[in-house]
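Q: No gaps in the numbering here: position 52 of the sequence shown is 52 in full-length UniProt numbering, and each next residue is one more.
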Amino acid sequence: MDEEQSNSSSNGSTSNNNMDTGKADRSVWLMKCPLVVAKSWQSHTDPHPVSKVVVSLDPLRPEDPSSLQFTMEMSGNETGNMPKSYSLNMFKDFVPMCVFSEGSQGRVAIEGKVEHKFDMKPHNTNMEEYRKMCRERTNKSMIKNRQIQVIDNDRGVHMRPMPGMVGLIASNSKDKKKTAPVKGSEVKRTRRDRGELEDIMFKLFERQPNWALKQLVQETDQPAQFLKEILNELCVYNKRGTNQGTYELKPEYKKSVEDTGDE
Numbered sequence: 001m002d003e004e005q006s007n008s009s010s011n012g013s014t015s016n017n018n019m020d021t022g023k024a025d026r027s028v029w030l031m032k033c034p035l036v037v038a039k040s041w042q043s044h045t046d047p048h049p050v051s052k053v054v055v056s057l058d059p060l061r062p063e064d065p066s067s068l069q070f071t072m073e074m075s076g077n078e079t080g081n082m083p084k085s086y087s088l089n090m091f092k093d094f095v096p097m098c099v100f101s102e103g104s105q106g107r108v109a110i111e112g113k114v115e116h117k118f119d120m121k122p123h124n125t126n127m128e129e130y131r132k133m134c135r136e137r138t139n140k141s142m143i144k145n146r147q148i149q150v151i152d153n154d155r156g157v158h159m160r161p162m163p164g165m166v167g168l169i170a171s172n173s174k175d176k177k178k179t180a181p182v183k184g185s186e187v188k189r190t191r192r193d194r195g196e197l198e199d200i201m202f203k204l205f206e207r208q209p210n211w212a213l214k215q216l217v218q219e220t221d222q223p224a225q226f227l228k229e230i231l232n233e234l235c236v237y238n239k240r241g242t243n244q245g246t247y248e249l250k251p252e253y254k255k256s257v258e259d260t261g262d263e
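1) Who pairs with residue 71 in a beta bridge, going by DSSP?
2) Is residue 110 helix, strand or coil by DSSP?
3) Taking Cβ positions, are residue 115 and residue 29 nearer each other than 8 Å?
4) Residue 133 by DSSP, collapsed to three states: which one?
5) Would DSSP call residue 36 helix, strand or coil?
6) From residue 272 to residue 23, what distance separates their C-alpha atoms?
7) Check whether the Cβ atoms of residue 37 and residue 195 lie closer than 8 Å to each other.
8) Please tell me whether residue 269 and residue 108 are closer than 8 Å, where the distance is taken between their beta carbons.
9) What is the C-beta distance between residue 145 and residue 118, in whole angstroms, given that I count them as a contact (C-beta under 8 Å)?
10) Just how far apart, CA to CA, sit residue 202 and residue 218?
11) Assign residue 120 to one of three DSSP states: helix, strand, or coil.
12) Can you find the residues in the same chain that come closer than 8 Å, C-beta to C-beta, to residue 97, ignoring five residues on each side of it along the sequence?
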């Protein structure tokens with residue numbers, strides 16, 4: 001009897017911790033979008049759709065994977081130079097993943113299985129608007145808001161050592177351990193905003209087409225690992241040739257930077 005009660009109580013506690021798998025077979029898309037799009041979606045409070053996906057297929061080549069095209073159209077409520085149309089590049093070679101959620105009571109549930117992974121970028125027809133928006137964002141980030149305030153009430157006299165305290169201060173300072181200077185390589189670098197850093201990277205590649213990782217770390221003052229994440233998205237790494245060991249922009253981004261330079 002006691003054994004049955006202990007088993008039932010243990011089963012009851014286990015059931016409270018079970019994971020909800022009712023939506024485990026639901027198909028989910030994983031999409032990487034620009035920062036400006038993510039902020040636009042988060043700012044929407046009305047229940048209307050924020051965008052729609054347009055799927056086009058060439059009926060003459062239904063079996064060809066390249067004939068299947070995905071386009072994202074924004075709802076049209078965006079302001080400024082934000083592009084309205086985006087291309088979705090689909091990837092099939094990725095690690096199988098699932099989406100999980102946690103409720104207010106700590107209940108964990110599976111929301112679906114990732115079937116497709118997309119990389120979202122502005123459509124070619126809207127590339128000029130996107131470049132203009134990036135330039136405006138870069139110029140705005142370069143404006144310094146520092147101010148100098150003059151203090152009228154000068155109370156610096158309270159910070160001066162009083163008579164008889166000079167020797168005391170000197171003796172106490174001997175007991176303090178010398179602080180070792182921080183090496184340049186050990187300085188912790190603070191990450192910039194991702195969109196702001198991308199704009200800075202485009203500016204650097206306007207200056208010269210090839211950069212080594214060490215040079216970009218010095219130019220941007222950013223962590224090397226964080227820079228590698230950005231470089232893997234925007235650039236290709238030269239493993240051989242005259243530019244071995246350097247990064248250069250991908251063809252689609254290189255064309256955009258060259259067009260901006262001509263302007």
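Heads up, the beta-carbon is just placed ideally off N, CA and C, and yes, glycines get one too.
Every value quoted in this text rests on a predicted model; they were computed, and no experiment measured them.
A: Taking the definition as stated:
1) Position 71 of the sequence shown holds residue 71. In DSSP, residue 71 forms a bridge with 54, 87.
2) Here residue 110 refers to the residue found at position 110 when the sequence shown is read from its first residue. In the three-state reduction of the DSSP assignment, residue 110 falls in the strand class.
3) The residue you call residue 115 lines up with position 115 of the sequence shown. The residue you call residue 29 lines up with position 29 of the sequence shown. In this structure, residue 115 sits near residue 29, with a CB-CB distance shorter than 8 Å.
4) For the purposes of this step, residue 133 is identified with residue 133 of the sequence shown, where counting begins at 1. Helix at residue 133.
5) For this step, residue 36 is matched to residue 36 along the sequence shown. DSSP places residue 36 in helix when its eight states are reduced to three.
6) What the structure shows of the chain is the stretch from 1 to 263, and residue 272 is not part of that stretch, so it cannot be assessed.
7) Along the sequence shown, one-based indexing puts residue 37 at 37. Along the sequence shown, one-based indexing puts residue 195 at 195. One thing to note: residue 37 has its Cβ no nearer than 8 Å to the Cβ of residue 195.
8) This structure cannot speak to residue 269, because the chain is shown only from 1 to 263.
9) Within the sequence shown, residue 145 is the residue found at index 145, counting from 1. Within the sequence shown, residue 118 is the residue found at index 118, counting from 1. About 37 Å separates the two Cβ atoms, so there is no contact after all.
10) Counting from one through the sequence shown, the residue named residue 202 turns up at place 202. Counting from one through the sequence shown, the residue named residue 218 turns up at place 218. Cα-Cα distance, rounded: 16 Å.
11) Mapped onto the sequence shown, residue 120 falls at position 120. For residue 120, the secondary structure class from DSSP, reduced to helix, strand or coil, is strand.
12) Start at 1 with the first residue of the sequence shown, and residue 97 comes out as number 97. Annotation for residue 97: 30, 113, 114 place their beta carbon closer than 8 Å to its own, counting only its chain and skipping 5 residues before and after.
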